[in-house]
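Participant: Quick note on numbering: the sequence shown equals residues 1284 to 1832 in this note's numbering.
Glycine included, each C-beta is placed from N, C-alpha and C at the ideal position.
Since the model is a prediction, treat every value here as computed from it, not as a measurement.
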Amino acid sequence: MPRYRLTGLRVRAPRPVDATAVARALRVGRDEVEEVVLLRRSLDARRKPELFWEATVEVATRSPVPPVAPPLVLEEIAGPSPSPQLLLPRLPKGARVAVVGTGPAGLFAALALVEAGLSPLVLERGDPAEDRYRRVMRFWRRGEFDPESNVQFGEGGAGTFSDGKLTCGKRHEKIAVVLSTLHRFGAPDTILFDTKPHIGTDRLVVVLRRVRKHLADHGCEIRYRARVVDVVRDGEGGRLSALVLSSGEEVPVDVAILALGHSARDTVATLLSRGVAMSPKAFAMGVRIEHPQDAIDRIQYGQPSTACGVAPADYKQTHVAGNGRGVYTFCMCPGGEVIACSSEEGGVVTNGMSRYKRASGYANAGLVVQTRPEDFASLGGPELLRGQEFQRLVERKAFALGGGTYAAPATRVTDFLAGRESRSLPRSTYGPAVVPARLDGVYPKPYLDALREGILAFDRKMRGFVSTEALLIAPESRTSSPVRVDRDEGCESTTLPGLYPAGEGAGFAGGIVSAALDGLRVARAVVARLSGEAPPADADARPPASPEY
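(1) Identify the continuous alpha helix (DSSP H) that holds E1678 and give its terminal residues.
(2) Kindly list the residues whose CB is nearer than 7 Å to the CB of L1371, restricted to its own chain and excluding five residues on each side of it in sequence; keep chain order.
(3) Taking CB distances under 7 Å as the criterion, tell me whether D1472 reaches chain C.
(4) Taking the alpha-carbon positions, what's the E1427 to A1499 distance?
(5) Can you tell me which of the three DSSP states D1537 falls into?
(6) How would you write the range of the beta strand (DSSP E) that G1400 sits in, first residue to last?
(7) What beta strand (DSSP E) runs, 3 residues minimum, are completely inside the stretch 1701–1775?
(8) Can you name the residues that DSSP bridges to S1562?
(9) For the beta strand (DSSP E) that contains I1360, what are its first and last residues?
(10) Should A1361 be counted as a contact of the ligand NAD given a C-beta to heavy atom distance under 6 Å?
(11) Let me check understanding here. Comparing Cα to Cα, which of A1381, F1391, A1392 lies closest to P1403?
(12) For the beta strand (DSSP E) that contains A1648, what are its first and last residues?
(13) Going by CA-CA distance only, name the one from D1698, V1632, H1574 that's closest to M1615.
(14) For E1422, report the span of its alpha helix (DSSP H) as first-last.
(15) Which of the three DSSP states, helix, strand or coil, is assigned to K1640?
(16) Would you identify the three-state DSSP class for L1325, choosing helix, strand or coil?
(17) Go ahead and pull the three-state DSSP assignment for E1573.
(18) Report, in whole angstroms, the separation of the C-beta atoms of L1773 and P1818, which I expect to be a contact under 8 Å.
(19) Among P1297, V1316, D1327, whose alpha-carbon lies nearest the alpha-carbon of G1291?
(20) For Y1584, name the three-state secondary structure that DSSP assigns.
(21) For S1325, count the other beta carbons within 10 Å of its own beta carbon; 16 or more makes it buried, fewer makes it exposed. Which is it?
(22) According to DSSP, is G1442 helix, strand or coil?
(23) Give a yes or no on contact between the stretch 1578–1593 and the stretch 1326–1340, applying the rule of three or more CB pairs nearer than 8 Å.
(24) Ends of the beta strand (DSSP E) at A1693?
(25) For S1463, report the span of its alpha helix (DSSP H) as first-last.
(26) Give every residue of the same chain whose Cβ lies closer than 6 Å to the Cβ of S1829, excluding the five residues on either side of it in the sequence, and list them in chain order.
(27) Counting along the chain, where does the alpha helix (DSSP H) carrying D1801 start and finish?
(28) Please tell me whether I1572 and L1700 are closer than 7 Å, where the distance is taken between their beta carbons.
(29) Indicate the three-state DSSP secondary structure (helix, strand or coil) for P1827 in the structure shown.
(30) Thinking R1313 and T1303 are a contact (beta carbons under 8 Å), I'd like their distance in whole angstroms, please.
(31) Just to confirm my understanding: we take W1423, look at its own chain, exclude 5 residues before and 5 after, and list those with CB closer than 8 Å. What are they?
(32) Mapping the DSSP letters down to three states, classify T1344 as helix, strand or coil.
(33) Extract the residue ranges of the alpha helix (DSSP H) inside the stretch 1468–1528, only unbroken runs of 4 or more that lie entirely within it.
(34) Apply the 10 Å Cβ neighbour rule to D1485 and answer buried if 16 or more other Cβ atoms are within range, or exposed otherwise.
(35) Per the contact definition of three or more C-beta pairs closer than 8 Å, is the stretch 1644–1663 in contact with the stretch 1755–1765?
(36) Use the C-beta contact count for D1472: other C-beta atoms within 10 angstroms, 16 or more gives buried, fewer gives exposed.
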């Protein structure tokens, strides 16, 4: 049976990319097409309101098909594309390996170690996903805050309460491993072929439960409410020999993969005081901008998404302001909610989240400005931690402006541009509440100047971006970690042998996919070290150029 890869296929949305569409493109009868496997699909809205799927498929036919005309490209292939796999050498059990953190980096590191025959101890400072979800709901609805189990801390990491977007740019084999693994544990089929794959918070909880069971079935001990508060060396300046938990227990280890996430400020400060080398890292801060989803749909599609049968529209914008600061949108959540994500008492933090169906009726995105070292040079404490202190200062200012109840200060975009406080606010998805406030009570003037310029620039590209119904909610302060934990070409700490920093909190990732990839990378480096081999070729010590959002 002949088999082909067909690229350049265009199908008018919302019609499916199926055997009928493929047969029409190949100019053969429908009965000639035996099988269609969708490899990649994106939405082309350049001719809005007409929308088209652009797709790549594998197709099996009963008999050879005639040549196709450009822009279609037809390539005969030997057989179905193989399923991506993570291949690691098998190791004898015995090494005492711990994974600290159960975000994407930690979980994928643990999964890789299991594939190598190990049963790592997994330590998580927060709760299992189900308990964590209930505590987060209590915070959003009643203001009951738990500093150890919240949007930032707990099984799944900060990405659990997000859009669950799997931004991955050009796909390669290792990204395919991440996506296929998530799919194996319950993520929707669409993540395997959509160019903007998305899981949704509600589906992520199911995935996490299945990953947990898989790890437990392979001998992993997973301990919750197990915050790492210190490290122990084997002699003066020696290797890592134990992790100290908040209970006071010392856990002996040979190797620890440190996948803390970007908000474990207390642990980072402790590691710095223990001589773990770190470097400052660029980051950004700003606000969440929220629109009615219908407004974004009309800008991007020329019609409501509900009328044309496709997913709610998204956007991504960048601008360099006159003061030299970059302004950009990130972590855009179509059909989503703006959520409260504090991890410390007395501070307001916002982020965006979408459920799988993206049906809230609202769209939001982070709208952020690049920071500079001079923004926090005057703050006290260790120089490397001043970026964290600047985040904390902004979050506390927002808490005070919101009335000390985790309500967030907010303003209409039109009022912000005019330099006045809003008398009233449009409806928002943010809970506990939003209150009218001027943002100069949260951020210094260079940030606000850049934000104003960026918003006007985005409105020139997306007419209608500025409106009385558009709302700014402050602050968006946790875009990425302000520090990087230094590691060598084998992914090991440069000053504490046996410690392997990984993921977003260590400064080597910027979202779910890149964090998962880094977890795999570090696990492979650990396996190589335990087997006496050289580190893998891609055990890269460099951080990503920017977050993947």
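Facilitator: Here's the rundown:
(1) From DSSP, the alpha helix (DSSP H) with E1678 extends over 1669–1684.
(2) Excluding positions up to five away in sequence, the list reads A1395, E1398, A1399, R1807, V1810.
(3) This model lacks chain C altogether; it includes just one protein chain.
(4) 31 Å
(5) coil
(6) Segment: none, G1400 is in no beta strand (DSSP E) and carries neither H nor E.
(7) Under the rule that a run must span 3 or more residues, the beta strand (DSSP E) segments found entirely inside the stretch 1701–1775 read 1717–1719, 1754–1759, 1766–1768.
(8) R1767
(9) First-last for I1360: undefined, no H or E at that position.
(10) In terms of ligand content, the structure shown is empty, and the ligand NAD therefore cannot be addressed.
(11) Out of A1381, F1391, A1392, A1381 has the C-alpha closest to the C-alpha of P1403.
(12) 1645–1653
(13) H1574
(14) Per the sequence presented here, residue 1422 reads as Phe, with Glu not at that position. Note, F1422: alpha helix (DSSP H), 1412–1425.
(15) coil
(16) The sequence shown places Ser at residue 1325, rather than the Leu named in the question. Of the three classes helix, strand and coil, the one that applies to S1325 here is strand, per DSSP.
(17) strand
(18) Checking the sequence shown, residue 1773 turns out to be Gly, not Leu. That pair is a contact at about 4 Å.
(19) D1327
(20) helix
(21) exposed
(22) Three-state result, G1442: helix.
(23) As far as the Cβ criterion goes, the stretch 1578–1593 touches the stretch 1326–1340, which means the pair count is three or higher.
(24) A1693: member of the beta strand (DSSP E) spanning 1691–1695, first to last residue.
(25) 1456–1467
(26) At S1829, the pLDDT of 42 sits below 50, so the modelled position is not reliable; the number obtained from the coordinates is stated separately. There are no such residues.
(27) 1795–1813
(28) At a Cβ-Cβ threshold of 7 Å, I1572 and L1700 do not count as neighbours.
(29) Because the pLDDT of P1827 is 46, which lies under 50, any placement of that residue in the model is unreliable, and the question is left without a value.
(30) Contact annotation, R1313 with T1303: C-beta distance approximately 6 Å; criterion of less than 8 Å satisfied.
(31) I1622, A1623, G1714, P1715
(32) strand
(33) 1484–1500
(34) exposed
(35) yes
(36) By the neighbour-count criterion, in which 16 or more other beta carbons inside 10 Å mark a residue as buried, D1472 falls on the exposed side.
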